[in-house]
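Read through the structure below, which is laid out as structure tokens, and then see the notes.
There are 2 protein chains.
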Amino acid sequence: MWRYGALLPLDPQLDTDARHIVALGEGHTPLLDYSTQATARAGGFRLWFKDEGRQHPGFGGNPTHSFKDRGMAVAVSMARRFGITAMAVPTQGNAGDSLCHYAQAAAIKVAVAMPDNTPDPIIGNVAAAAFRNPDVSLELVSGTIREAGLLLKERYLPEGYFNCATFQEPGWRIEGKKTLGLEIAEALGGQAGEWRLPDVIVYPTGGGTGMLGMWKAFTELEALRLLDSKRPRMISVQSAATAPLVTAIANDASDTVAADAGDTLAYGLNVPGGVGHFAVLEIIRQSGGTAIALSETEIADSTRQTWNDTRWWVCPEGGACIAALPYLLESGHISRGDDVVVVNTGSFEKYLPQVRHLL
Amino acid sequence: MWRYGALLPLDPQLDTDARHIVALGEGHTPLLDYSTQATARAGGFRLWFKDEGRQHPGFGGNPTHSFKDRGMAVAVSMARRFGITAMAVPTQGNAGDSLCHYAQAAAIKVAVAMPDNTPDPIIGNVAAAAFRNPDVSLELVSGTIREAGLLLKERYLPEGYFNCATFQEPGWRIEGKKTLGLEIAEALGGQAGEWRLPDVIVYPTGGGTGMLGMWKAFTELEALRLLDSKRPRMISVQSAATAPLVTAIANDASDTVAADAGDTLAYGLNVPGGVGHFAVLEIIRQSGGTAIALSETEIADSTRQTWNDTRWWVCPEGGACIAALPYLLESGHISRGDDVVVVNTGSFEKYLPQVRHLL
């Protein structure tokens with residue numbers, strides 16, 4: 002992803018920047034053609050699957066198998082540039098695994114707080130690191146990312162740990178997530194070196210950094226006259242168990258109201274309220290998009306079906322996006338002939354105990 | 002697997018025994034027909050894949066996704082019966098993950114020592130347990146199961162930890178592994194309730210408990226007049242990197258000589274010398290079998306091919322067994338018309354960082 006260095010806070014082509022960059026293979030993930038999917042076939046639209054979860058031959062690959070690596074690669078590189086020696090992050094799982102991985106590579110101390118019901122492979126990655134490296138701290142909390150954030154504020158931030166929580170750092174993670182939008186526009190532009198946006202982007206939205214990152218990328222590409230002002234309809238997909246964005250859209254509210262967290266297979270979506278949700282809502286409305294919630298049965302069935310169809314390592318959040326397609330077709334947010342991009346933010350391997358029976 | 006209670010040290014049908022049993026779903030794994038495999042097709046033999054790694058619909062499933070659970074379920078149940086309160090095991094990985102899981106369920110203290118290069122998911126499972134539960138200890142050593150055993154002898158056994166190492170406990174693990182042989186004989190016998198053995202069993206052999214367990218099962222079935230004296234040719238598959246059994250067979254030796262450990266994708270086979278190897282050699286010879294070593298390239302290619310053919314979650318040790326088939330056909334250990342059972346001792350999910358590029 003660092004080939005977009007000119008649009009990032011650090012550019013590997015500049016000697017002064019390059020030495021700070023912690024690059025571990027993140028980004029350059031494939032945009033897979035999934036137009037064979039049943040709803041896409043019936044609805045006559047072209048479906049693309051942006052697979053952030055695992056390495057495909059000839060592509061890069063996020064080292065901790067989720068889109069979180071894009072943001073953390075930039076955040077940790079910038080931390081190094083500014084001489085930060087300790088970082089902390091509250092997380093639903095993947096962001097913590099990612100920060101832990103990058104911080105260790107940069108020899109930065111790291112504290113990760115996550116819910117105690119986070120899937121074993123994610124807890125295991127950070128626990129193994131904490132076990133081997135005294136500079137890694139892991140805290141498990143009862144609750145969600147919200148309680149994790151409170152614990153860090155109480156115990157770690159006063160010790161000088163830099164807060165790397167969504168929207169609470171200077172925007173480095175959003176800069177990294179921009180590359181998701183840049184890659185989609187570049188891949189759809191094709192061999193000719195054009196840049197082209199899809200008609201619809203279906204994105205599983207927890208905190209929403211990815212949504213803001215992609216949107217910022219499109220704005221910058223327009224400023225560079227590589228794109229016009231047309232934007233994709235941006236669709237936020239949530240779990241019915243925890244759907245603050247869906248509620249806000251339905252109520253025409255300018256921000257979400259933090260609700261109680263639910264219980265969902267799509268752990269990354271279990272974010273009861275997000276600091277940047279007001280901005281996500283703006284993007285959704287400005288783009289003519291919407292927010293939609295899926296039931297746990299729909300999420301599980303869709304994850305299973307996608308795996309059976311493709312053998313791609315789909316995460317439940319990605320499965321939720323596929324499950325949203327029939328509703329979006331019915332509501333007119335997707336039309337015949339559209340290019341639709343679904344973002345699969347991670348890999349089922351991070352959720353194995355919970356999804357194994359689906360596969 | 003506890004339906005074989007009458008042949009196990011504890012029988013769930015006896016009130017006095019039942020309360021000690023720690024049953025977590027182990028055993029009752031499927032015997033999958035893989036006669037479509039290229040060598041089987043070309044060689045005209047029937048190939049069966051005993052999948053110990055993951056749950057298939059309608060079957061049980063080893064809770065830590067390896068055949069080790071059969072042995073540990075019995076070992077921990079017996080420990081509970083005898084009032085043992087602390088257990089320790091040196092391991093190449095899977096046995097430690099398994100003991101950790103069962104001991105926790107039985108509220109028994111546990112110490113696991115394993116090589117520091119054990120795949121992340123295995124270290125992660127035990128590290129996460131050690132992180133959350135003060136009764137779980139994890140030690141990482143430089144070397145193999147041998148160095149792990151030395152560490153436990155020095156630091157944990159003097160503290161009263163019961164040694165659950167292969168062949169160093171009273172044989173409970175072998176009793177559990179017997180069920181592997183019982184299930185194979187029962188599955189091949191078919192619906193009629195007959196018991197039938199295959200002509201060949203191809204088994205990835207590290208320490209060799211499974212080999213002894215299956216053999217003991219066949220002996221007991223014969224004593225019960227459910228089988229005659231005919232036995233399958235027992236084939237030990239090893240990695241060329243660490244192949245003490247292959248060397249012993251070639252040298253006509255009665256026991257293995259502990260060699261330096263190698264470096265193999267099939268971690269479970271990286272056992273330089275096994276206390277019970279003399280008994281494995283006896284079984285191999287008595288059965289008309291052999292021991293065979295595969296190169297790392299062959300193991301990797303075969304694991305990839307098996308995954309591509311079947312989408313079963315094959316572990317490298319299982320891949321090694323499939324890779325052995327052409328050699329066994331050529332050497333006459335497999336003949337046209339034979340029933341051949343390959344044992345897939347675990348799942349690729351325990352080796353993900355090492356096998357992901359193969360899948």
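Protein sequences appear in the order of chains F and L.
When we follow our numbering, the leftmost residue of the first sequence carries the number 2, and every step to the right adds one.
When we follow our numbering, the leftmost residue of the second sequence carries the number 2, and every step to the right adds one.
By construction, the Cβ of each residue, glycine as well, lies at the ideal position given by its N, Cα and C atoms.
Run through chain F and tell me which residues come within less than 8 Å of residue i, C-beta to C-beta.
i       : result
D121(L) : G125, N126 and A129
L139(L) : F132
So which residues of chain F does residue i contact, with C-beta pairs closer than 9 Å?
i       : result
Q56(L)  : R357 and H358
E350(L) : P122, E350, L353 and R357
Rounded to the nearest angstrom, what separates residue i and residue j at their Cα positions?
i       : j       : result
G191(F) : E318(F) : 27 Å
G62(L)  : M79(L)  : 21 Å
P245(F) : P273(F) : 6 Å
V341(L) : W3(L)   : 26 Å
N118(L) : A292(F) : 45 Å
R174(F) : A259(L) : 52 Å
A7(F)   : D253(F) : 38 Å
P91(L)  : K110(L) : 15 Å
A251(F) : L151(F) : 29 Å
D12(L)  : L225(L) : 17 Å
T304(L) : D229(L) : 35 Å
H29(F)  : F60(F)  : 6 Å
T311(L) : R312(F) : 11 Å
R286(F) : G277(F) : 15 Å
V343(L) : Q38(F)  : 36 Å
A130(L) : L181(F) : 35 Å
Y5(F)   : N309(L) : 35 Å
G125(F) : H66(F)  : 14 Å
E331(F) : A294(F) : 15 Å
G177(L) : L25(L)  : 13 Å
A301(L) : G84(L)  : 44 Å
E27(L)  : Q14(L)  : 17 Å
P58(F)  : N345(F) : 17 Å
A43(L)  : L360(L) : 25 Å
Using a C-beta to C-beta distance shorter than 7 Å, which residues of chain L count as neighbours of residue i?
i       : result
R312(F) : R312
Considering only C-alpha positions, which residue in the set the options is nearest to residue i?
i       : options                               : result
Y162(F) : G6(F), V281(F), L198(F) and A112(F)   : A112(F)
F46(F)  : I335(F), P354(F) and T346(F)          : I335(F)
E184(F) : R197(F), T145(F), W173(F) and A107(F) : R197(F)
L329(L) : A41(L), M115(L) and N126(L)           : A41(L)
P64(L)  : S348(L), L353(L), H358(L) and L359(L) : S348(L)
A106(L) : E221(L), V201(L), N134(L) and G333(L) : N134(L)
V247(F) : L227(F), S296(F) and P116(F)          : S296(F)
W223(L) : M212(L), I285(L) and E195(L)          : Before going further, note that residue 223(L) is Glu rather than Trp in the sequence given. Among M212(L), I285(L) and E195(L), the Cα nearest to that of E223(L) is on E195(L).
D200(L) : S288(L), N126(L) and V137(L)          : S288(L)
K154(L) : F132(L), V127(L) and A114(L)          : A114(L)
Q239(F) : K231(F), T220(F) and Y204(F)          : Y204(F)
I284(F) : A241(F), M212(F) and A43(F)           : M212(F)
By Cβ distance, which residues of its chain are closer than 7 Å to residue i, with the 5 residues on each side in sequence left out?
i       : result
A188(F) : L32
S255(F) : F279 and L282
G338(F) : G45 and F46
Q355(L) : P120 and L266
Under 6 Å Cβ to Cβ from residue i, same chain only, skipping five residues before and after it: list those, please.
i       : result
I123(L) : G94, D98 and K351
Y35(L)  : L48 and F50
A108(L) : none
A262(L) : T145, T243, N271 and P273
K179(L) : G214, K217 and A218
T307(F) : V315, G320 and I323
G290(F) : R234, M235 and I236
P299(L) : In the sequence under discussion, the amino acid at residue 299(L) is Glu, which differs from the Pro named in the question. Once the five neighbours on either side are set aside, the close Cβ partners of E299(L) are A324.
E148(F) : V142
I202(F) : P233, M235 and V342
Compute every distance between the C-beta of residue i and the non-hydrogen atoms of the ligand FAD, then say whether any falls below 8 Å.
i      : result
M88(F) : The ligand FAD is absent from the structure shown, which contains no ligands of any kind.
Give every residue of the same chain whose Cβ lies closer than 8 Å to the Cβ of residue i, excluding the five residues on either side of it in the sequence, and list them in chain order.
i       : result
R82(F)  : L11, D18 and H21
L353(F) : P120, D121 and P122
E160(L) : A87
V127(L) : G97, D98, C101, V113, M115, V137 and L139
query: Any chance the segment 155–168 of chain L sits against the segment 206–216 of chain L, with 3 or more Cβ pairs inside 8 Å?
result: yes
message: Pairs of beta-carbons, one from the segment 73–87 of chain L and one from the segment 34–52 of chain L, closer than 8 Å: are there three or more?
response: no
field: Touching by the beta-carbon criterion (3+ pairs, under 8 Å), the segment 263–280 of chain L and the segment 226–236 of chain L
entry: no
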